[in-house]
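I have placed the structure first, in the form of structure tokens, so that the comments after it can refer back to it.
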Amino acid sequence: MAVALIQGASRGLGLAFCRHLLARPGFGSQGEEPQVVTVIATCRDPDGARELQALQHPSSSSHSRLQMLRLDVTQEDEIRRAAEMVAQQHGHVDLLINVAAMLHPSGRGETSLRDVTAEGLTATLAVNTLGPLLMAKHFAGLLQKGGGHFGQQMGKGHNAVLVNISARVGSIGDNALGGWYSYRLSKAALNMATRNLGVELSRGKGRVVCISVHPGTVDTDLSRAYHRNVAPNNLFTPEKAVQHIMNTVNKLGFEQTGKFYAWDGTEIPW
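Residues in the sequence shown are numbered from 1 upward in steps of one, following UniProt numbering.
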């Protein structure tokens, strides 16, 4: 039975991942998603996550397959406790998607060195880089026990998939504009974490496919201040972005581990 864990699920992309996975009608053939018997949705404040709570309402056909967990991704003790709880209740995880992200504590990216502060860098790195890496640390054992339900070679070659939601601006090779120091640094570091995870979790039994994904420009709170510069056909709803990302996930084989992909499945330079 497949288990998916969405870290940062209260709104935006994370909420859309939960809706998408809960809506799956049944087990698919190779290259298609299985029915997800359990979706574990984590967020800092489950009591205030009204849209997520609605998915647990008895009127929802999938309410029994959604589990909500309180988890602040900047607190390692909470991550550890969440992993212990999932281990006790489910024993494995087939898909882990790290979604939660911060542009900058101010809500706007730095445009020059004058805007850079230690506090801004530290806070952004804590959410965007350290959080996903610590999630991988504490959930790696559960991923290695997965049933291989996601990816092109379901049940063959790998046990689970780990997806870090990154951003094209985290590409060093693709950076021609500069700026956004905290966000760019945090996503570039996240990509290095993905690369390292792809190496370490490919050894021995219980192999995990690990990728970074740029979701495109998505209509969420993180990027909304910059939407006026985006052509309408290049601005995705969270639902459309999730469809794109899951299409990429469903085509994954073990040879793709440790790589950085755009929403359409094309590889992005580091």
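Note that the Cβ used here is the ideal one computed from N, Cα and C, for glycine as well.
Point to revise | Cut-off 8 Å between Cβ atoms - residues of its own chain near S106, not counting five sequence neighbours on either side | key: Residue mapping note: residue 106 aligns to position 106 of the sequence shown, counting from 1. So the list reads G120, once near-sequence residues are dropped.
Review point. DSSP three-state call for M192: helix, strand or coil?
Key: Taking the first residue of the sequence shown as 1, we reach residue 192 at position 192. M192: helix per DSSP, three-state reduction.
Point to revise | For S166 and L71, the rounded distance between their alpha carbons | key: Position 71 of the sequence shown, counting from 1, holds the residue named residue 71. Position 166 of the sequence shown, counting from 1, holds the residue named residue 166. C-alpha separation (whole angstroms): 20 Å.
Exercise for review: To the nearest angstrom, report how far apart I40 and D174 are at their CA atoms.
Suggested key: Residue mapping note: residue 40 aligns to position 40 of the sequence shown, counting from 1. Residue mapping note: residue 174 aligns to position 174 of the sequence shown, counting from 1. The alpha-carbon atoms of I40 and D174 are separated by roughly 34 Å.
**Study point:** Outcome for V3 when other beta-carbon atoms lying within 10 angstroms are tallied against a minimum of 16
**Key:** Indexing the sequence shown from 1 puts residue 3 at position 3. V3 should be labelled buried.
Point to revise | Candidates I172, A241, A140, L190: closest to H20 by CA position | key: As a first step, residue 20 is located in the sequence shown; it is residue number 20 there, counting from the start. Considering only alpha carbons, the answer is A241.
**Study point:** Buried versus exposed, by CB contacts within 10 Å (16 or more), H92
**Key:** Taking the first residue of the sequence shown as position 1, residue 92 is located at position 92. By the 10 Å Cβ count, H92 comes out buried.
Review point. Applying the criterion that 16 or more other CB atoms from any shown protein chain within 10 Å of the CB defines a buried residue, is D264 buried or exposed?
Key: To locate residue 264, count along the sequence shown from 1; it is residue 264. Label assigned to D264: exposed.
Check your understanding: Between R207 and P132, what straight-line distance do the alpha-carbon atoms span, to the nearest angstrom?
Key -> Start at 1 with the first residue of the sequence shown, and residue 207 comes out as number 207. Start at 1 with the first residue of the sequence shown, and residue 132 comes out as number 132. Distance between the alpha carbons of R207 and P132: 18 Å.
Practice item. Give me the Cα-Cα distance between G134 and E51, rounded to the nearest whole angstrom. Key: Translated into positions along the sequence shown, residue 134 becomes position 134. Translated into positions along the sequence shown, residue 51 becomes position 51. Before going further, note that residue 134 is Leu rather than Gly in the sequence given. Distance between the alpha carbons of L134 and E51 is about 27 Å.
Check your understanding: Hey, quick one: how far does the beta strand (DSSP E) through L201 stretch, first residue to last?
Key -> Working through the sequence shown from its first residue, we reach residue 201 at position 201. Premise fails: L201 is in no beta strand (DSSP E) and is neither H nor E.
Review point. So does the region 184-191 actually touch the region 232-239, counting three or more Cβ pairs closer than 8 Å?
Key: no
Review point. Which full runs of the alpha helix (DSSP H) of 4+ residues lie inside the region 99-169, going along the chain?
Key: 118-125, 131-143
Practice item. Report the residue from Y261, A160, R168, G253 whose alpha carbon sits nearest the alpha carbon of T217. Key: In the sequence shown, residue 217 corresponds to position 217, counting from 1. The candidate whose alpha carbon is nearest that of T217 is R168.
Review point. I268: buried (16+ other C-beta within 10 angstroms of its C-beta) or exposed?
Key: For the purposes of this step, residue 268 is taken as residue 268 along the sequence shown, with counting starting at 1. It counts as buried.
**Study point:** Range of the contiguous beta strand (DSSP E) that encloses Q53
**Key:** Reading the sequence shown from its first residue, position 53 is the one you call residue 53. Looking at the DSSP string, Q53 is not in any beta strand (DSSP E); the run it does join, the alpha helix (DSSP H), is 50-54.
Practice item. For L66, count neighbouring Cβ atoms within 10 angstroms of its own Cβ and tell me buried if that reaches 16, exposed if not. Key: Your numbering for residue 66 matches position 66 in the sequence shown. Buried, by the Cβ-count rule.
Exercise for review: Within the same chain, show all residues whose beta-carbon is closer than 8 Å to that of V99, passing over the 5 residues directly before and after it, in chain order.
Suggested key: Start at 1 with the first residue of the sequence shown, and residue 99 comes out as number 99. Taken in chain order, the residues that qualify are I6, Q7, G8, A9, G12, L13, G14, F17, I165.
Practice item. Excluding the 5 residues preceding and the 5 following D77 in the sequence, name in chain order all residues of the same chain whose CB lies nearer than 7 Å to its CB. Key: If you number the sequence shown from 1, residue 77 lands on position 77. Cβ neighbours of D77 beyond the five flanking positions: none.
Point to revise | Proximity to G146 [Cα-Cα], best of H138, V199, L95 | key: For this step, residue 146 is matched to residue 146 along the sequence shown. Ranking the options by Cα distance to G146, first place goes to L95.
Practice item. Check whether the Cβ atoms of G109 and F254 sit closer than 8 Å, and answer yes or no. Key: Here residue 109 corresponds to residue number 109 of the sequence shown, with the count starting at 1. Here residue 254 corresponds to residue number 254 of the sequence shown, with the count starting at 1. Cβ distance not < 8 Å, so G109 and F254 don't count as in contact.
**Study point:** The beta strand (DSSP E) enclosing F260, as first and last residue numbers
**Key:** Here residue 260 corresponds to residue number 260 of the sequence shown, with the count starting at 1. Counting along the chain, the beta strand (DSSP E) containing F260 begins and ends at 259-262.
Review point. Whose C-beta lies closer than 7 Å to the C-beta of W270 among residues of the same chain, with five residues either side of it excluded?
Key: For the purposes of this step, residue 270 is taken as residue 270 along the sequence shown, with counting starting at 1. If we look at W270 and ignore the five residues flanking it on each side, its Cβ neighbours are S171, I172, G173, N191, F260.
Point to revise | Short Cβ contact (8 Å threshold) for L69 with A49 | key: Taking the sequence shown and counting its residues from 1, one reaches residue 69 at position 69. Taking the sequence shown and counting its residues from 1, one reaches residue 49 at position 49. No, these two residues do not count as a Cβ contact at 8 Å.
Point to revise | Neighbour-count burial assignment, residue 275, 16 or more Cβ in a 10 Å radius | key: Coverage of the chain is limited to positions 1 through 270, which leaves residue 275 absent and any answer about it impossible.
Check your understanding: In this structure, what does DSSP give as the bridge partners for L5?
Key -> Reading the sequence shown from its first residue, position 5 is the one you call residue 5. Answer by DSSP bridge pairing, in chain order: I40, L96.
Practice item. Check the C-beta distance from C210 over to T220 and give it rounded, since I have them as a contact under 8 Å. Key: Counted from its first residue, the sequence shown places residue 210 at position 210. Counted from its first residue, the sequence shown places residue 220 at position 220. Incorrect: roughly 24 Å between the Cβ atoms, too far for contact.
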